[in-house]
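Everything below concerns the one structure shown next.
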Amino acid sequence: LVSMLEKSIHQVHRPASGCIFHPKVWILRYADPDGDEFKYRCLVLSRNLTQDRSWDLVLRLDSDDISVAKGLNPGNQNLSRFVASLPTLAEFEESHERLNAINAIANELRKVWWELPEDVQEINFWPFGLPGMRKPNTEEMFTGYRHLIISPFISPAGLKIALGDSRATSVSIISRGDELDRLSKEEMPEAAYFQINPLASLKGDEDHPETAIETQQMLGDLHAKLYVVESNRRARVYMGSANATDQAFNGNVEILCEISGGATRLGVEAIIGDNSPLRGILDQYSFLDSPSTNPLQKLSHSVESYLFDLAGMKLIATASPFETDWNVNVTCNTVLPRPSGFDAELYICPLNMQADKRRLTLEHAVNVTFESIKAADITPFMVLVCIGRQEGLAVEKQVVVCATLVGDPSQRLDEILVRHIDTPEKFLRLINLLLGFDSAFNPEALAGNNAVDGSWAAGSFESGLLETIVRSLAERPDALDSLGSLVNRLSSTEQGRKVLPPGWGQLWGAVVGARKLIGRERK
32 LVSMLEKSIH QVHRPASGCI FHPKVWILRY ADPDGDEFKY RCLVLSRNLT
82 QDRSWDLVLR LDSDDISVAK GLNPGNQNLS RFVASLPTLA EFEESHERLN
132 AINAIANELR KVWWELPEDV QEINFWPFGL PGMRKPNTEE MFTGYRHLII
182 SPFISPAGLK IALGDSRATS VSIISRGDEL DRLSKEEMPE AAYFQINPLA
232 SLKGDEDHPE TAIETQQMLG DLHAKLYVVE SNRRARVYMG SANATDQAFN
282 GNVEILCEIS GGATRLGVEA IIGDNSPLRG ILDQYSFLDS PSTNPLQKLS
332 HSVESYLFDL AGMKLIATAS PFETDWNVNV TCNTVLPRPS GFDAELYICP
382 LNMQADKRRL TLEHAVNVTF ESIKAADITP FMVLVCIGRQ EGLAVEKQVV
432 VCATLVGDPS QRLDEILVRH IDTPEKFLRL INLLLGFDSA FNPEALAGNN
482 AVDGSWAAGS FESGLLETIV RSLAERPDAL DSLGSLVNRL SSTEQGRKVL
532 PPGWGQLWGA VVGARKLIGR ERK
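Numbered per our numbering, the sequence shown spans residues 32 to 554.
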């Protein structure tokens, strides 16, 4: 089903050698049925879209009810520029189908005002690494007389930036213990250093012991990024994607959101004071006498960086008919470079066929063919796997890249759909998903005990199904349009038609006719 995301996932090349595209921001737009009024939600996260269970942060902002009347919001101008720059970073062509939609969101964000969280008086956004945009003045942002820095990855140069032009400041730093172990105390600023207690996930609320996290749900390493700067009895809190490293502020594409207010409620003491929840899961950290070295970790970072460089290659996956199936030839005109500092074995495979890895030859162009693939299994998503070896150590890393898919069969998505919606019960679940959120429609009850053999219970149309469709026709006719496209795909194949119940064509024809009538009335 990842194939359904092909038009939604857009690759961004590395902004510079050794740097990455690193922001984590969600912009959600909600519109009323007529599209005349809209609401926005912005999520600024430190968490990636992965299954990782690290300690992370999320800031949620919701637009207020009178945004339009307030005019332009100067605090959102950088957020608008960030969104507007994304098509350029992803190398959209002028004809790209999503370009106008993204530009419309960027323009609307200029006029969006956020509901201020409790104790917050102002909100601003600070993107880094955008082409053609002036770098934020970090000295001005981070200068103050008291600092809290939370970052899983740190460096002396990055901490110097995160402390601004502060010459006399009280500093508290929370990071990963293994990250601090590799650093020399002499290179680090004078500060109180902390790490998260590894058993912190098991500490439940003493007043509500039933809320203790189960062992299998334990959180792992720290991944949150947060900066608190106090000055003039006020606190500026920055959260988002940027680690306290030189790379984050001088090369990566990143974004931080600043919320500011009184230091009493938003300052360092409020967050890690003796009585704060966060302080209760922290352990004081003491530097080692001499920094530790981890050759395996260093090799892992080198292999990962090598794969990020390779991910910038323009792969082309060309599908061609082969007997009753298809062959997919993956090519790239770029010669595969040999990595510096370690030996590498490089493989490629489709995302949904990872057992079928093919060895690639370094210093040659990519040219690999995957044979006898079903139409439903053709995918542009390819996995590059690298095994790096150095001085008896070995590390395996992988990265997913999206190739340009050429010549794929027109019925590919239809076959994927039919493969997954292959029983009347699943079709009913699909209708419930699209139409039945607000109803008591029960797919299992409608399908009856005979759903597994493809038959339908008598009277299905007279019970919840018909009511759900009629309600959608009256209240949310656009949802029926989405269902219609799926019904057309099922109807286009013999196997798909078996999933549709007897009499469905007659019912659906009446629905389509009514939908057209409603459309004329709206005009």
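Here a beta-carbon is modelled for each residue, glycine too, at the ideal position from N, C-alpha and C.
CA-to-CA distance, V543 to A121, given in whole angstroms: 39 Å
Proximity winner among K388, V366, G106 and T174, relative to E394 (alpha-carbon distances): V366
Buried or exposed (CB count within 10 angstroms, at least 16 for buried), Q226: buried
Whole-angstrom C-beta distance between H44 and G343, which should lie under 8 Å: 5 Å
Closest by C-alpha distance to I192, when choosing among S111, I290, L36 and A279: A279
Identity of the residue in R389, R420 and D408 nearest R602 by Cα: No information on residue 602 is available, as it lies outside the stretch 32 to 554 that the chain covers here.
Interface flag, D277 vs chain D, CB-CB below 9 Å: The structure shown has no chain D; it contains just one protein chain.
DSSP-derived helix/strand/coil call for L514: helix
Neighbour-count burial assignment, R443, 16 or more Cβ in a 10 Å radius: buried
Sub-9 Å separation of K101 and W144 beta-carbons: yes
Where G49 sits in the DSSP three-state scheme: coil
For N138, the three-state DSSP class (helix, strand or coil): helix
I409 (DSSP reduced to helix, strand or coil): coil
Contact under 9 Å by Cβ, M164 with R112: yes
Length of the line joining the Cα atoms of S182 and T400: 44 Å
Within the segment 138-175, ranges of the alpha helix (DSSP H) (whole runs, at least 4 residues): 169-173
Closest residue to F373 among S336, R265, T362 and G293 (Cα-Cα distance): S336
Burial state of V431 (16 or more Cβ within 10 Å): exposed
Inter-residue CB distance, R177 and E261 (contact presumed, cutoff 8 Å): 4 Å
Which of helix, strand or coil DSSP assigns to V114: helix
Start-end ranges of the beta strand (DSSP E) lying completely within the segment 417-447, minimum 3 residues: 424-433 and 435-437
Three-way DSSP call (helix, strand, coil) for M35 in this model: helix
Chain-order list of residues whose beta-carbon lies under 7 Å from that of A273 (same chain, five-residue window excluded): F159, K256, A279, F280, E285 and L287
Under 9 Å between C-beta atoms of I312 and A231: yes
Where A478 falls, given that 16 or more other Cβ within 10 Å makes a residue buried: Note that A478 has pLDDT 42, beneath the 50 cutoff, so the model's placement of it is unreliable and the number below is only indicative. Buried, because 16 or more other Cβ atoms sit within 10 Å of the Cβ of A478.
Assigned secondary structure, F339 (DSSP; H/G/I helix, E/B strand, else coil): helix
Rounded Cβ spacing between R265 and S291 (contact assumed at less than 8 Å): 6 Å
Local conformation of A132 per DSSP, three classes: helix
Terminal residues of the alpha helix (DSSP H) in which R502 lies: L497 to E506
Nearest to L377 (by Cα), restricted to the options R507, E427 and R502: E427
Assigned exposure category for K55 - 16 Cβ within 10 Å defines buried: buried
Bridge partner(s) assigned by DSSP for Q526: According to DSSP, which records beta bridges pairwise, Q526 is partnered with nothing at all.
Extent of the continuous beta strand (DSSP E) run through T365: D356 to V366
Where K70 sits in the DSSP three-state scheme: strand
Straight-line gap, K405 to A348 (C-alpha atoms, nearest Å): 15 Å
Through-space distance from F69 to I133, alpha-carbon basis: 15 Å
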